[in-house]
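Okay, so here's the structure we're looking at.
There are 2 protein chains.
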Amino acid sequence: MKRQTAQRRAILDALEHAPGPLTPQEVLDAARETHAGLGLATVYRNLGTLEEAGEIILVHLPGESARFEVAGRGHHHHFRCQTCENVFELTASCPVAVLEGVTLPGGFAVKHHELTLYGLCPSCQDG
Amino acid sequence: MKRQTAQRRAILDALEHAPGPLTPQEVLDAARETHAGLGLATVYRNLGTLEEAGEIILVHLPGESARFEVAGRGHHHHFRCQTCENVFELTASCPVAVLEGVTLPGGFAVKHHELTLYGLCPSCQDG
DNA sequence: TCTTTACTGATAATTATTTATCAGTAAGAA
DNA sequence: TTCTTACTGATAAATAATTATCAGTAAAGA
Numbered sequence: 113m114k115r116q117t118a119q120r121r122a123i124l125d126a127l128e129h130a131p132g133p134l135t136p137q138e139v140l141d142a143a144r145e146t147h148a149g150l151g152l153a154t155v156y157r158n159l160g161t162l163e164e165a166g167e168i169i170l171v172h173l174p175g176e177s178a179r180f181e182v183a184g185r186g187h188h189h190h191f192r193c194q195t196c197e198n199v200f201e202l203t204a205s206c207p208v209a210v211l212e213g214v215t216l217p218g219g220f221a222v223k224h225h226e227l228t229l230y231g232l233c234p235s236c237q238d239g
Numbered sequence: 113m114k115r116q117t118a119q120r121r122a123i124l125d126a127l128e129h130a131p132g133p134l135t136p137q138e139v140l141d142a143a144r145e146t147h148a149g150l151g152l153a154t155v156y157r158n159l160g161t162l163e164e165a166g167e168i169i170l171v172h173l174p175g176e177s178a179r180f181e182v183a184g185r186g187h188h189h190h191f192r193c194q195t196c197e198n199v200f201e202l203t204a205s206c207p208v209a210v211l212e213g214v215t216l217p218g219g220f221a222v223k224h225h226e227l228t229l230y231g232l233c234p235s236c237q238d239g
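Residue numbers (this note's numbering), protein chains in the order written: chain E, 113 to 239; chain A, 113 to 239.
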């Protein structure tokens with residue numbers, strides 16, 4: 113990452129303004145709003161580069177392919193709308209924090225966790 | 113599923129005795145203990161058939177391909193060991209149950225959730 | 001036991017995602 | 001402005017997971 117390109121700015125901008133983590137295809141769609149003609153290979157390349165640089169992080173939801181979000185937003189979880197299928201970052205306090213560092217009955221030592229909530233987002237609850 | 117075959121019995125037996133949900137490849141490995149010569153295509157076919165029949169259910173962990181477990185075990189979550197990479201079914205009470213049916217700040221109506229815990233299983237904590 | 005056909009194993013094909021290739025473009029130092 | 005080469009877009013190739021194909025096998029009713 114030795115040069116600053118319009119493509120990379122568009123990609124990072126798309127991630128910064130997204131309501132949650134995006135798939136490479138979603139990044140492409142969003143970034144093309146500011147940089148028409150952007151290619152999918154360029155998206156993949158830059159996602160890799162930005163991840164190595166620590167500017168974005170890889171996020172996995174159950175049963176889905178990779179997503180990315182900007183780094184440094186602290187511990188949080190995600191909400192996936194069953195209707196519009198969009199994924200949102202949640203800011204509510206983590207209900208599983210109490211398990212960190214605990215050893216469960218059975219002898220399982222918990223180091224970290226992934227929680228995904230499913231339901232209806234605000235836009236999909238009307239009508 | 114009109115006939116009862118030794119292959120299907122071996123597959124279901126493997127799932128019933130597993131400590132957690134298994135991938136198709138893991139099912140193959142385990143079921144070959146009781147039925148050597150079992151083929152991977154047969155495993156996929158029977159997993160599909162058993163799922164349609166409601167005897168097993170599909171389970172997804174973040175970033176991993178499909179797993180299956182026997183149905184009817186009620187609400188629970190899974191633990192993945194960072195060392196041996198095995199997945200275990202947890203019997204401890206769900207720490208996220210309180211969120212069911214709740215509408216979070218921001219207007220997200222929670223219908224269900226997926227929680228995966230990561231850490232060290234009992235066997236991998238020694239040494 | 002005989003007969004039908006659902007089921008099986010091996011492997012080719014498919015699907016979805018990600019990576020490699022390569023000629024052309026443009027960032028930014030000189 | 002010029003020059004070097006990192007970066008880009010289009011597309012082919014590679015990967016991994018799952019499904020289809022097909023000749024042979026075996027479950028179970030007659």
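The C-beta atom is built at its ideal place from N, Cα and C for all residues, glycine as well.
Helix, strand or coil at alanine 165(A) [DSSP, three-state]: Sequence index remark: in the second sequence, residue 165(A) carries index 53 (1-based). Three-state DSSP puts alanine 165(A) in coil, outside helix and strand.
Every unbroken beta strand (DSSP E) within the stretch 210 to 238 of chain A, with a cutoff of 3 residues, ordered by chain: 220 to 232
Minimum Cβ-Cβ distance from glutamate 138(E) to chain A less than 8 Å: Looking up residue 138(E) in the first sequence gives position 26. Cβ-Cβ to chain A under 8 Å: no for glutamate 138(E).
Three-state secondary structure assigned by DSSP to valine 155(A): What you label residue 155(A) is simply residue 43 of the second sequence in a count that begins at 1. The answer is helix: DSSP assigns valine 155(A) an H, G or I state.
Where the stretch 199 to 224 of chain A meets chain E: residues whose CB sits under 8 Å from a CB there: Phe200, Leu202, Thr203, Ala204, Pro207, Val208, Val210, Leu211, Leu216, Pro217, Gly218, Gly219, Phe220, Ala221, Val222, Lys223 and His224
As assigned by DSSP and simplified to three states, the class of glutamate 176(A): Residue 176(A) sits at position 64 when you count from the first residue of the second sequence. Three-state DSSP puts glutamate 176(A) in coil, outside helix and strand.
Pair within 8 Å by beta-carbon distance, glutamate 181(A) and glutamate 164(A): Taking the second sequence and counting its residues from 1, one reaches residue 181(A) at position 69. Taking the second sequence and counting its residues from 1, one reaches residue 164(A) at position 52. In this structure, glutamate 164(A) does not lie closer than 8 Å to glutamate 181(A) by Cβ.
Distance between histidine 147(E) and glutamine 137(E) (C-alpha atoms, nearest Å): Mapped onto the first sequence, residue 137(E) falls at position 25. Mapped onto the first sequence, residue 147(E) falls at position 35. When rounded, the distance between both Cα atoms is 14 Å.
Residue-level contact to chain E via CB, histidine 147(A), 8 Å cutoff: Sequence index remark: in the second sequence, residue 147(A) carries index 35 (1-based). No, histidine 147(A) does not count as interfacial toward chain E.
Which listed residue (Thr117(E), Glu145(E) and Gln116(E)) has its alpha carbon closest to that of alanine 130(E): Taking the first residue of the first sequence as position 1, residue 130(E) is located at position 18. The option with the nearest alpha carbon to alanine 130(E) is Glu145(E).
Sub-8 Å separation of proline 174(E) and histidine 172(A) beta-carbons: Against the first sequence, residue 174(E) aligns to sequence position 62. Against the second sequence, residue 172(A) aligns to sequence position 60. Result yes, Cβ atoms of proline 174(E) and histidine 172(A) sit closer than 8 Å.
Closest Cα partner of serine 235(E) within the set Thr154(E), Cys196(E) and Glu212(E): Stepping through the first sequence from its first residue, residue 235(E) is reached at position 123. Nearest of Thr154(E), Cys196(E) and Glu212(E) to serine 235(E), Cα basis: Cys196(E).
Spatial neighbours of valine 208(E) in its chain, beta-carbon cut-off 6 Å, leaving aside the 5 residues before and after: Here residue 208(E) refers to the residue found at position 96 when the first sequence is read from its first residue. So the list reads His225 and Leu227, once near-sequence residues are dropped.
Contact with chain A by phenylalanine 180(E), beta-carbon distance below 8 Å: Locating residue 180(E) in the first sequence gives position 68, where the first residue counts as 1. False, the Cβ-Cβ gap to chain A never drops below 8 Å.
Helix, strand or coil at isoleucine 115(E) [DSSP, three-state]: Locating residue 115(E) in the first sequence gives position 3, counting from the first residue. Sequence inspection shows arginine at residue 115(E); the isoleucine mentioned does not correspond to that position. In this structure, arginine 115(E) counts as coil in the three-state DSSP scheme.
Reduced DSSP secondary structure (H/G/I, E/B, other) of valine 208(E): Position 96 of the first sequence holds residue 208(E). Of the three classes helix, strand and coil, the one that applies to valine 208(E) here is coil, per DSSP.
is_contact[leucine 232(E), chain A] using C-beta, thresh 8 Å: As a working note, residue 232(E) is residue 120 in the first sequence. Judged by the 8 Å Cβ criterion, leucine 232(E) is in contact with chain A.
Neighbour-count burial assignment, tyrosine 184(E), 16 or more Cβ in a 10 Å radius: One-based indexing of the first sequence puts residue 184(E) at position 72. Position check: residue 184(E) holds glycine in this sequence, whereas tyrosine was assumed. Answer is exposed; the Cβ neighbour count stays below 16.
Closer than 8 Å to chain A by CB, glycine 175(E): In the first sequence, the residue the question calls residue 175(E) occupies position 63. With 8 Å as the cut-off, glycine 175(E) counts as an interface residue toward chain A.
CB of leucine 150(A) within 8 Å of CB of alanine 122(A), strictly: Along the second sequence, one-based indexing puts residue 150(A) at 38. Along the second sequence, one-based indexing puts residue 122(A) at 10. Their beta carbons are under 8 Å apart, which means leucine 150(A) touches alanine 122(A) by this criterion.
CB contact below 8 Å: glutamine 119(A) versus chain E: Here residue 119(A) is taken as the residue at index 7 of the second sequence, counted from 1. So, not an interface residue.
Buried or exposed (CB count within 10 angstroms, at least 16 for buried), leucine 232(E): Sequence index remark: in the first sequence, residue 232(E) carries index 120 (1-based). Leucine 232(E) should be labelled buried.
CB contact check: histidine 190(A) to chain E, cutoff 8 Å: Numbered from 1 along the second sequence, position 78 holds the residue referred to as residue 190(A). No, histidine 190(A) does not count as interfacial toward chain E.
C-beta neighbour in chain E for leucine 229(A), strict 8 Å: Taking the first residue of the second sequence as 1, we reach residue 229(A) at position 117. Chain E contact via Cβ: present.
Glutamate 163(A): contacting residues in chain E (beta-carbon distance under 8 Å): Taking the second sequence and counting its residues from 1, one reaches residue 163(A) at position 51. Those do not exist, as glutamate 163(A) stays about 14 Å from chain E at its closest Cβ, beyond 8 Å.
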